[in-house]
Amino acid sequence: MTNIFVGNLSYQTTQDDLQAAFSAFGGVERVSVVTDRDTGQPRGFAFVEMTDANAAQTAIAQLNGAELNGRALNVNEARPKTTGGGGGYGGRNSDSSRGRGRQSRW
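In the working numbering, the protein residues as written are 37 to 142.
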């Protein structure tokens with residue numbers, strides 16, 4: 037199973053559009069267009085899972101730079117998810133600094 041990242045998608049591109057484009061190269065297991073959690077609007081990228089690695093490599097080579105719905109696609113093998121990350125809170129992470137406010141410099 038090969039997971040493929042597809043970027044620079046038009047917001048009008050549907051899962052069916054991507055299914056049709058990638059099916060020309062081999063079996064497509066799943067297509068997921070990533071949407072915004074709050075608005076439900078597409079975020080302009082998707083992931084396609086193909087069953088055959090050789091077909092996936094051919095699809096990547098043929099579709100990278102190809103136009104779909106007026107946009108040139110950015111297609112490559114997806115990188116594995118990294119653990120951790122996210123959150124977006126930043127700042128101090130350690131429990132030792134919580135609740136104490138700012139410490140004296142001297």
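Beta carbons: idealized from backbone N, C-alpha and C, even for Gly.
At a Cβ-Cβ threshold of 8 Å, F81 and V70 count as neighbours. The stretch 71-104 is shown to contain whole beta strand (DSSP E) runs of 3 or more residues at 78-86, in chain order.
For the pair D74 and Y47, the Cα-to-Cα distance works out to about 16 Å.
Put simply, of F58, N44 and S68 the residue whose alpha carbon is nearest the alpha carbon of A97 is F58. Burial is judged here by how many other beta carbons sit within 10 angstroms of a residue's own beta carbon; M37 has fewer than 16 and is exposed. Following the DSSP letters along the chain, one finds F41 inside the beta strand (DSSP E) bounded by residues T38 to G43.
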